[in-house]
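Taking UniProt numbering, the leading residue of the sequence shown gets 1, the next gets one more, and so forth.
Structure record follows, encoded as structure tokens.
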Amino acid sequence: MALQYEKECPNVDIIINDIIQISYEKTIKKLNTELMAGKGTDIINGYFPINDRKEKGMLVNLKEFINRDKSFDIKDYNENIINLSKAEYGFYSLSVDKVRVDSKDNIHALKLNGEIEIYDENLNKTKVLNEKQYKDIAKDEKDNLIALCLDWEKSTIGYIEIKNYKTKWEKEHQYSQVPNIIFYNLSNKTLYGLVNGIIMQYDSEGNPVKELLYCTKLE
Numbered sequence: 001m002a003l004q005y006e007k008e009c010p011n012v013d014i015i016i017n018d019i020i021q022i023s024y025e026k027t028i029k030k031l032n033t034e035l036m037a038g039k040g041t042d043i044i045n046g047y048f049p050i051n052d053r054k055e056k057g058m059l060v061n062l063k064e065f066i067n068r069d070k071s072f073d074i075k076d077y078n079e080n081i082i083n084l085s086k087a088e089y090g091f092y093s094l095s096v097d098k099v100r101v102d103s104k105d106n107i108h109a110l111k112l113n114g115e116i117e118i119y120d121e122n123l124n125k126t127k128v129l130n131e132k133q134y135k136d137i138a139k140d141e142k143d144n145l146i147a148l149c150l151d152w153e154k155s156t157i158g159y160i161e162i163k164n165y166k167t168k169w170e171k172e173h174q175y176s177q178v179p180n181i182i183f184y185n186l187s188n189k190t191l192y193g194l195v196n197g198i199i200m201q202y203d204s205e206g207n208p209v210k211e212l213l214y215c216t217k218l219e
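The structure is reproduced here in structure tokens:
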């Protein structure tokens with residue numbers, strides 16, 4: 001995706017710094033140090049505490065840029081996702097974690113209605129998964145999908161093989177114990193989830209195995 005953007009915009013160079021191999025606490029410390037020194041990255045992709053940083057002027061209020069840019073039309077984008085990212089104090093973040101791109105440039109997009117749409121590298125829609133109400137998705141090292149489904153009657157984490165888009169396994173969780181979001185670490189091939197402020201580690205079949213960190217300000 002970055003290479004494609006650079007090809008279309010030759011005056012732009014994209015440098016990706018992957019810090020996924022260090023802990024969350026070290027990640028936040030590293031980002032804080034860089035931002036305080038005025039050398040922070042242009043875009044932070046991940047879960048980052050916003051309030052303290054925006055009050056210290058570390059983050060840019062995108063609303064100010066949007067108001068000045070007469071060419072910007074919110075109707076050209078997913079207006080619901082953009083509005084969901086706004087807050088009373090400004091517009092400092094944008095939810096982009098509902099899209100997963102695999103090693104073959106296939107795009108898996110989670111829609112607001114809970115469906116998963118799959119597109120090939122040429123943006124042709126090839127498949128729609130709508131048998132469940134999906135709330136979050138992750139991708140493992142084999143490009144298979146891990147899908148989170150939230151329901152008052154049955155909340156699950158499921159494993160979907162992309163060769164036939166069949167569910168290989170599904171683990172049911174009590175509604176109070178199911179994660180709000182899920183994340184798959186490709187480096188250590190491990191699934192994580194955020195459960196009521198607690199980062200939980202899961203095994204290869206969606207069973208919780210370890211509480212790692214209690215977070216109070218994830219936004």
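Ideal Cβ positions, reconstructed from N, Cα and C, are used throughout, including at glycine.
> Residues bridged to Leu129 by DSSP?
Replying inline: What you label residue 129 is simply residue 129 of the sequence shown in a count that begins at 1. Its beta-bridge partners are Ile116.
> Do Leu150 and Ile137 come within 8 Å of each other at the CB atom, strictly closer than that value?
Replying inline: Looking up residue 137 in the sequence shown gives position 137. Looking up residue 150 in the sequence shown gives position 150. No; because the gap between Cβ atoms is not below 8 Å, this pair is not in contact.
>> Whole angstroms are fine: how far does the CA of Ile118 sit from the CA of Asn130?
In response: If you number the sequence shown from 1, residue 130 lands on position 130. If you number the sequence shown from 1, residue 118 lands on position 118. Straight-line measurement puts the Cα of Ile118 at about 11 Å from the Cα of Asn130.
> What separation, rounded to the nearest whole angstrom, lies between the Cα atoms of Asn162 and Asp42?
Replying inline: By 1-based counting over the sequence shown, the position of residue 162 is 162. By 1-based counting over the sequence shown, the position of residue 42 is 42. At residue 162 the sequence reads Ile, which differs from the Asn that was named. Rounded to the nearest angstrom, the two C-alpha atoms are 33 Å apart.
> Nearest-angstrom Cα distance between Asn113 and Lys135?
Replying inline: Indexing the sequence shown from 1 puts residue 113 at position 113. Indexing the sequence shown from 1 puts residue 135 at position 135. Cα to Cα, Asn113 sits roughly 9 Å from Lys135.
> Roughly how many angstroms lie between the CA atoms of Val209 and Asn61, to the nearest whole one?
Replying inline: Counted from its first residue, the sequence shown places residue 209 at position 209. Counted from its first residue, the sequence shown places residue 61 at position 61. Rounded to whole angstroms, Val209 to Asn61 spans 39 Å at the Cα level.
>> Taking the straight line between their C-alpha atoms, what separation do you get for Arg68 and Leu148?
In response: On the sequence shown, residue 68 is found 68 positions in, with the first residue counted as 1. On the sequence shown, residue 148 is found 148 positions in, with the first residue counted as 1. Each residue's CA atom was taken as its position, placing Arg68 and Leu148 some 38 Å apart.
>> Going by C-alpha to C-alpha distance, which of Lys29, Asn207, Gln174 sits closest to residue 220?
In response: This structure gives no information on residue 220, because the portion of the chain shown stretches from 1 to 219.
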